[in-house]
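Engineer:
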Amino acid sequence: MLNGLKIAPARVGWIGPLSLSLILKTFLAFQDTVVNSDGVVYIEAARMIAEGHFSQSLVLYPMPAYPLLIAVVHMVVPDWMLAAKLLSLFAAAAVTIPIYWLTAFLFDRRAAFYAAMAVALLPSLNDIAPDVIRDPWFLLLSCGSVYWMVKACASERIGGVLSAFVIAGAALLFRIEAISLFLVYFLYLAGLTLFAKAQRRFARKALLFLMVPALIGMVGLVGVGATAEGTDRIDQLRAFARSLLSGRFLARYHDVYTQLKESEKLSPGTSGELFKLARHYMPLLYVIGMLEAFFGALFWPYAAPLWGARRSLFVKGMPLLILMILFHSLLVLLYFLHIDYLSSRYLLFCALLAMPMVGLGVAVLADTCKRVRWRKTCLAVMVFVFLVFPLYRSIHRGVGEDKAIAMAGKWLSGEPELRAVGWAINDLRYYLYAGKPFDYLKEKDEALAIGRLSVRKDYGALEDMARQSGKDVIILRDSKRDSVRGSGFNVFRIVKQIESPQSIITIYANSRLLKNASGQSEGSSD
Numbered sequence: 103m104l105n106g107l108k109i110a111p112a113r114v115g116w117i118g119p120l121s122l123s124l125i126l127k128t129f130l131a132f133q134d135t136v137v138n139s140d141g142v143v144y145i146e147a148a149r150m151i152a153e154g155h156f157s158q159s160l161v162l163y164p165m166p167a168y169p170l171l172i173a174v175v176h177m178v179v180p181d182w183m184l185a186a187k188l189l190s191l192f193a194a195a196a197v198t199i200p201i202y203w204l205t206a207f208l209f210d211r212r213a214a215f216y217a218a219m220a221v222a223l224l225p226s227l228n229d230i231a232p233d234v235i236r237d238p239w240f241l242l243l244s245c246g247s248v249y250w251m252v253k254a255c256a257s258e259r260i261g262g263v264l265s266a267f268v269i270a271g272a273a274l275l276f277r278i279e280a281i282s283l284f285l286v287y288f289l290y291l292a293g294l295t296l297f298a299k300a301q302r303r304f305a306r307k308a309l310l311f312l313m314v315p316a317l318i319g320m321v322g323l324v325g326v327g328a329t330a331e332g333t334d335r336i337d338q339l340r341a342f343a344r345s346l347l348s349g350r351f352l353a354r355y356h357d358v359y360t361q362l363k364e365s366e367k368l369s370p371g372t373s374g375e376l377f378k379l380a381r382h383y384m385p386l387l388y389v390i391g392m393l394e395a396f397f398g399a400l401f402w403p404y405a406a407p408l409w410g411a412r413r414s415l416f417v418k419g420m421p422l423l424i425l426m427i428l429f430h431s432l433l434v435l436l437y438f439l440h441i442d443y444l445s446s447r448y449l450l451f452c453a454l455l456a457m458p459m460v461g462l463g464v465a466v467l468a469d470t471c472k473r474v475r476w477r478k479t480c481l482a483v484m485v486f487v488f489l490v491f492p493l494y495r496s497i498h499r500g501v502g503e504d505k506a507i508a509m510a511g512k513w514l515s516g517e518p519e520l521r522a523v524g525w526a527i528n529d530l531r532y533y534l535y536a537g538k539p540f541d542y543l544k545e546k547d548e549a550l551a552i553g554r555l556s557v558r559k560d561y562g563a564l565e566d567m568a569r570q571s572g573k574d575v576i577i578l579r580d581s582k583r584d585s586v587r588g589s590g591f592n593v594f595r596i597v598k599q600i601e602s603p604q605s606i607i608t609i610y611a612n613s614r615l616l617k618n619a620s621g622q623s624e625g626s627s628d
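Residues are numbered in my numbering as their position in the sequence shown, beginning at 1, plus a constant of 102.
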């Protein structure tokens with residue numbers, strides 16, 4: 103079957119999948135009108151860079167590559183949020199290119215086309231494409247680095263290995279997880295030195311050649327003080343490494359284990375067997391959680407073509423790809439054990455590296471459908487499952503975004519009396535959409551505290567905090583089920599409520615401002 107695919111007549115390039123990806127992600131970007139909460143810090147750091155306050159930007163956010171890119175794009179696109187979104191969606195769309203060429207190198211261009219189409223329609227990637235987030239650039243550069251490394255090792259080109267390391271270094275500027283690229287590359291080259299007689303000379307030469315830039319990079323980091331506490335994420339990486347070596351990274355795991363053991367006493371039965379089983383099989387549950395997160399990032403229907411391409415594991419170049427997936431998954435698993443939290447976004451890089459096998463599997467399934475009796479029905483099912491369904495999921499996620507924060511910010515921007523005073527808020531994005539300057543480092547902790555008080559419905563403490571900090575306006579966002587109605591507020595009264603299908607934003611002002619505020623009647627809404 104694989105040999106048949108090598109001479110497949112399909113020769114459609116990467117332009118089609120890239121164009122589809124750009125169109126889809128642009129559509130989603132304009133549907134997703136509210137910036138993700140993490141985007142606030144990136145945009146504020148970029149604004150400081152644009153104003154020439156680079157050191158202050160590093161204090162605000164210690165990895166400057168992404169804010170710097172936003173600041174550069176802002177020179178052409180005046181709107182900060184639009185500039186950041188365009189940057190993210192371009193990188194997310196461009197991921198189709200390295201996946202296409204990686205698949206074409208491993209298999210053929212027909213499989214590459216299917217793999218690139220799968221990436222273009224991938225719901226988990228489309229979900230983050232409109233966000234102001236570092237991940238798309240990390241994914242683009244990391245996938246590009248893996249492509250160059252696979253190609254360089256297969257063709258035994260030292261220059262290609264160096265290119266892979268340089269691109270991996272660029273990915274490291276966006277997310278510290280890119281350290282896995284360097285570790286896997288060194289492990290793979292060391293493995294070739296020990297076990298691959300035909301490539302032993304190349305691997306040794308590559309390792310020696312890479313020692314020089316590796317040492318220069320380490321000395322450079324120390325020399326400029328980049329490993330000092332608070333200037334970048336290297337200190338966090340060192341702290342995590344120390345916790346791994348000491349075993350302290352399992353502290354949260356032991357806490358959960360102890361809680362399950364104590365919960366056996368609370369069981370309605372006499373034995374507490376379910377809690378006991380959960381405690382005994384915790385490692386297995388963590389692995390199951392990892393698999394669930396991986397297939398959530400991959401998109402579950404793609405599991406079928408992935409299984410169909412299982413024989414491709416022995417194709418030249420695949421061992422490096424498999425090693426990268428396993429090693430990165432191991433790092434995510436360790437982090438999962440460390441903090442007891444897992445998002446499918448953490449395994450999106452692994453899902454993208456699996457796309458060459460998905461592309462090959464789709465080609466295998468398509469050939470199989472051509473040979474069965476119900477050929478047209480089979481192909482129609484494939485079109486629905488691998489084209490229509492992921493497209494629907496991507497669009498459905500984007501169209502359903504909550505726009506309440508943008509609506510509130512727009513209303514507040516037209517209220518000079520309210521905009522001029524201090525705000526006590528549980529979400530910093532109001533500042534962005536109202537165009538109100540603010541001190542991120544100062545306001546961040548207060549917003550978290552207000553959010554906790556709002557969840558507990560502790561209106562008295564919330565009002566006291568606002569008054570003590572000199573804030574004349576309180577802005578709270580809640581789901582419709584848990585919306586705050588102002589009970590417990592003595593001085594603050596509702597001046598505006600803005601509703602969306604998902605939530606209600608309530609804007610309060612103290613009595614001094616009520617007579618000047620527009621739309622002051624309680625219960626007014628959009």
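Built from N, CA and C at the ideal position, the CB exists for glycine as well. Every value quoted in this text rests on a predicted model; they were computed, and no experiment measured them.
How many Å lie between alanine 280 and alanine 611 at the Cα?
Structural biologist: 47 angstroms
Engineer: Taking 8 angstroms as the threshold (beta carbon to beta carbon), is valine 389 in contact with chain B?
Structural biologist: In the structure shown, chain B cannot be found, because there is only a single protein chain.
Engineer: Measure the C-alpha to C-alpha separation of serine 431 and proline 421 and round it to an integer number of angstroms.
Structural biologist: 15 angstroms
Engineer: Checking 8 angstroms against the spacing of the C-beta atoms, do methionine 183 and valine 137 come in under that value?
Structural biologist: yes
Engineer: Throw me the rounded Cβ distance for the tryptophan 239 and isoleucine 269 pair, which I believe falls under 8 angstroms.
Structural biologist: Not a contact, Cβ separation roughly 11 angstroms.
Engineer: Starting from the Cα of alanine 93, find the closest Cα among Glu517, Leu130, Ile172, Leu436 and give me that residue.
Structural biologist: The structure shown has nothing for residue 93, since the chain only spans 103 to 628.
Engineer: Compare the C-alpha of alanine 222 against each of Leu162, Thr128, Pro164 and name the closest.
Structural biologist: Closest by alpha carbon: Thr128.
Engineer: Is it the case that the stretch 207-214 contacts the stretch 440-456, given that we only count it when at least three CB pairs across the two stretches are under 8 angstroms?
Structural biologist: no
Engineer: Quick one: residues in its chain with C-beta nearer than 6 angstroms to the C-beta of threonine 205, no 5 flanking neighbours on either side, listed in chain order?
Structural biologist: Ala213, Ala214, Ala217, Pro458, Gly461
Engineer: On the criterion of 16 or more Cβ atoms from any shown chain inside 10 Å, does valine 466 qualify as buried, or is it exposed?
Structural biologist: Buried, because 16 or more other Cβ atoms sit within 10 Å of the Cβ of valine 466.
Engineer: Taking the alpha carbon of leucine 227 as the point to measure from, which residue in Thr479, Ile576, Phe396 has its own alpha carbon closest?
Structural biologist: Phe396
Engineer: Just to confirm the assignment, what range does the beta strand (DSSP E) spanning serine 605 have?
Structural biologist: 605-611
Engineer: Going by other Cβ atoms of all chains shown within 10 Å of its Cβ, with 16 needed for buried, is lysine 559 buried or exposed?
Structural biologist: Classification for lysine 559: exposed.
Engineer: What is the rounded straight-line gap between the Cα of arginine 554 and the Cα of methionine 567?
Structural biologist: 12 angstroms
Engineer: Following the continuous alpha helix (DSSP H) through lysine 546, name the residue where it begins and the one where it ends.
Structural biologist: 542-557
Engineer: Going along the chain, which unbroken runs of the alpha helix (DSSP H) with 4 or more residues stay wholly within the stretch 218-257?
Structural biologist: 225-230, 237-257
Engineer: Only counting the same chain, and skipping five residues up and downstream in sequence, which positions put a Cβ closer than 6 angstroms to that of tyrosine 535?
Structural biologist: Once the five neighbours on either side are set aside, the close Cβ partners of tyrosine 535 are Ala508, Gly511.
Engineer: Cα-Cα, which of Phe416, Gly463, Trp402 is closest to phenylalanine 491?
Structural biologist: Trp402
Engineer: With which residues is arginine 579 paired in a DSSP beta bridge?
Structural biologist: Ile607
Engineer: Tell me the rounded alpha-carbon separation between threonine 333 and alanine 173.
Structural biologist: With a pLDDT of only 44 at threonine 333, under 50, the local geometry of the prediction cannot be trusted, and no value is derived from it.
Engineer: Return yes when the Cβ of leucine 130 is within less than 8 angstroms of the Cβ of serine 414, no when it is not.
Structural biologist: No, they are not a contact pair.
Engineer: I'd like to know whether the C-beta atoms of alanine 193 and leucine 275 end up nearer to each other than 8 angstroms.
Structural biologist: no
Engineer: Return the CA-CA distance between glycine 349 and methionine 165, expressed in angstroms with no decimal places.
Structural biologist: 28 angstroms
Engineer: Please state whether DSSP places alanine 453 in a helix, a strand or coil.
Structural biologist: helix
Engineer: Beta-carbon within less than 6 angstroms of glycine 572's beta-carbon, same chain only, minus the 5 sequence neighbours each way: which residues are those?
Structural biologist: Gly524
Engineer: How would you write the range of the beta strand (DSSP E) that glutamate 601 sits in, first residue to last?
Structural biologist: 595-601
Engineer: How should glutamine 604 be labelled, buried or exposed, when 16 other C-beta atoms within 10 angstroms of its C-beta is the threshold for buried?
Structural biologist: With fewer than 16 Cβ atoms within 10 Å of its Cβ, glutamine 604 is classed as exposed.
Engineer: Whole angstroms is fine: what's the gap from proline 169's alpha carbon to alanine 468's?
Structural biologist: 44 angstroms
Engineer: Does tyrosine 383 pass the burial test, meaning 16 or more other C-beta atoms within 10 Å, or should it be called exposed?
Structural biologist: The residue in question, tyrosine 383, is exposed, as its Cβ has fewer than 16 Cβ neighbours within 10 Å.
Engineer: Here's the rule: buried if 16 or more other CB atoms are within 10 angstroms of the residue's CB, otherwise exposed. What is asparagine 592?
Structural biologist: Exposed is the call here.
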